[in-house]
Every structure is written in structure tokens, then in C-alpha cells.
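First residue of the sequence shown: 863, per this note's numbering; consecutive thereafter. Glycine residues also receive a C-beta, built at the ideal position from the N, C-alpha and C atoms.
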Amino acid sequence: MSIKTKLFTATALAAGITMTAAPAYAAQDQPAVDVLDEIVIAEESSMDSYDRDAWAPNGWVDADDTGCDTQQDILLRDTDPESQVVDEADDCRLIFGTATDPFSGQFIEHDRDAEDFGRTPFDIDHIVPIGEAHRSGAADWDDQTRQEFYQDKDNLLAVDAAQNRAKSDADVNNYLPPNQALYCDYVATHVYIKDKYDLTMDQAEYDVAASVLADDECHNTVAQPAVAMSGVEQTDVDANDDDSVEATDYETAMDQPLDWAKDNPVGAFVFIAAVLLMIGIVVQGRRSADRR
């Protein structure tokens, strides 16, 4: 894997809900490879008790008293300031703004005045997804901590909606963005958030994170919030031709093939195609031998 230029470029949720303070310790600006060593490796917990509504019962809210809700704050933070047109009657409402999607390198235009505008083409992505947090220790959190995590801007980035959905609730073992130039910062933010909230990693996830951060270009990348990935220039993009880069967990693929294939349809297709190709080669070889 060749990794190119790296990119460097609350208080109240709603009436009656008080946010808990952010975790006291977050290893920001320390080498991510060192912070990774502090993360506990453990098997993921079950999703049986998972209830996404408990994480954001009121959706996006103004959790840090900026006057705008979190979604609006991230859209304004992550689109090009020089491109922005903001509603004069509502300083939070982005009418027009552009950005290069950090995940794919695609140029994206948010234009509320467009005739076909139905929703913003940006999704606000949780770099460490909600479901992944649940599996990694958050199953035992109270509702206030879950709501804090949901609104935490350190873990949020405006990205192409299609990429956000392709990623779903995957950890770094099952999804890395097509933009390989983002790998260092993407994994470093995962490490930062997992450390900040005392979340665990399973062995496969840890191994992928360690492999990326061991690369010469990533070794000195610091643990950092998601904002480090915003403001991508297209000249910084090193995107694969594929729609996504997925690291296949082959142990799971073999032990639980139906569950793995359901969660990784593209990977399943490639895996099955490779198996069929190998079978074809073997059969053809035997036929050739029989003819001799």
C-alpha cells in the first residue's frame, strides 16, 4: 500500500438534558502509533441492546452553545469559506457551499437553490461510527454519554453521502476511504476517538490500524480530531479507481460466511469470484493432464 501526501490541512442537548463533561483525557498531538498501544484489545460486544434513538433522541442539537446545531456547524466548518453563501436571516443555514470530499476526492456542491435539491449531498459522518462505539464499550454507557458522543465534533466530518453509507458502521478493518492520501489521518482520528472515550479495538481492527500507522509516511501522524481531514484540495487526493477500499476480515468470512457476505456484499463478490477462478484453474489443469 502506497500512502501519499498526508493531509493536515456539551452543555445543553435539549430542555431537561444536561451534557456530561468530555472525557478528561484525550491524547491529542501525541503520535497515534503510541496512543494505539494504550488501547485495550477485546472482542466486540453484541448489538442486541443497540438503540440508535438513544444516541440522538432530538437529532442534531446545539450542544456547545454556538447558536447553530451540530450538523450546521460541521457543514459551515468543512465547506470552502470562500464558496459559502449563508442565509441572511439565519446565519446557520448554508445556502451554497462546495468542498472536495475527503473520502473519495469528488468535488461536491451544496446548492439549496437548485431545482433538484432534496437534501444536502453531504452526510455528517461519525469517524468512529455509533454502532462500532456500541460494540467497543459504549453498550454500558448512560444516555447522556451516548448523546455527547453523537454530537462530538472531534468525531464528525462532512463527507459524500454515498461514501458515508458505504462505510456504514464499519471499523478500519472493514472500511478505508478510496482516498489513500487520507489513510494516516483517518486512522489517527480513529485512534484519537477510541482513546478519548476509552473504547476498545478487536484484534483485526488493531492490526489494520497498526499496519497503516507503521508506514513511513504515517508513523509520525499525531492522534487528532476529525477536523484535520477537512479542507482537502484535489491535488492532495490519491484515490483508487474502486469505489471503496475494504480490508477483508477473512477469519470472519470463513467462520461466518453468510453474516460476513451480508455485511460486505462487494467483498463477498470479489471473494467468491476469486474462489471460482481458482476452481476453474484447477479443473482446467486436470483436464489438460487427462488429455496427456
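When the options are compared against residue i, the one with the closest alpha-carbon
| i | options | result |
| --- | --- | --- |
| D1100 | K1058, L1061, A1043, A1066 | A1043 |
| D1022 | Q1006, M1063, P1040 | P1040 |
| Q1013 | Q934, S911, D891 | Q934 |
| F958 | P964, F965, D899, D949 | D949 |
| Q930 | R955, E1067, K1056, R914 | Sequence check: residue 930 is Cys here, not Gln. Closest option to C930, Cα to Cα, is R955. |
| T1097 | D910, D924, Q968 | Q968 |
| V895 | E1095, N920, T1051, V1089 | T1051 |
| G1093 | D1078, Y1068, D1077, F965 | F965 |
| N1017 | E977, D978, Y1059 | Y1059 |
| I989 | V1084, D899, A1000, V1053 | V1053 |
Under 7 angstroms between C-beta atoms of residue i and residue j
| i | j | result |
| --- | --- | --- |
| R1008 | E906 | no |
| A889 | V897 | yes |
| I992 | W917 | yes |
| E994 | D963 | no |
| T941 | A961 | yes |
| A1020 | F979 | no |
| V1074 | Y1037 | no |
Identified DSSP bridge partners for residue i
| i | result |
| --- | --- |
| I903 | M1063 |
| P1039 | Beta-bridge pairing links P1039 to no other residue. |
| A1020 | I986 |
| H972 | G959 |
| A1101 | N1041 |
For residue i, the three-state DSSP class (helix, strand or coil)
| i | result |
| --- | --- |
| N920 | coil |
| E1079 | coil |
| P943 | helix |
| Y1112 | Because the pLDDT of Y1112 is 35, which lies under 50, any placement of that residue in the model is unreliable, and the number read from its coordinates should be weighed accordingly. Reduced to three states, the DSSP call for Y1112 is helix. |
| F1011 | helix |
| E994 | helix |
| V1094 | coil |
| V1034 | coil |
Buried versus exposed call for residue i [16 or more other C-beta atoms within 10 Å across all chains shown]
| i | result |
| --- | --- |
| H1081 | exposed |
| M1063 | buried |
| A886 | A caution first: A886 carries a pLDDT of 47, below 50, which makes its placement in the model too unreliable to give a value. |
| Q1065 | exposed |
| N920 | exposed |
| V1049 | buried |
| E1010 | buried |
Cutoff 7 angstroms: residue i Cβ touching any chain C Cβ
| i | result |
| --- | --- |
| Y912 | Among the chains in the structure shown there is no chain C, since it carries only a single protein chain. |
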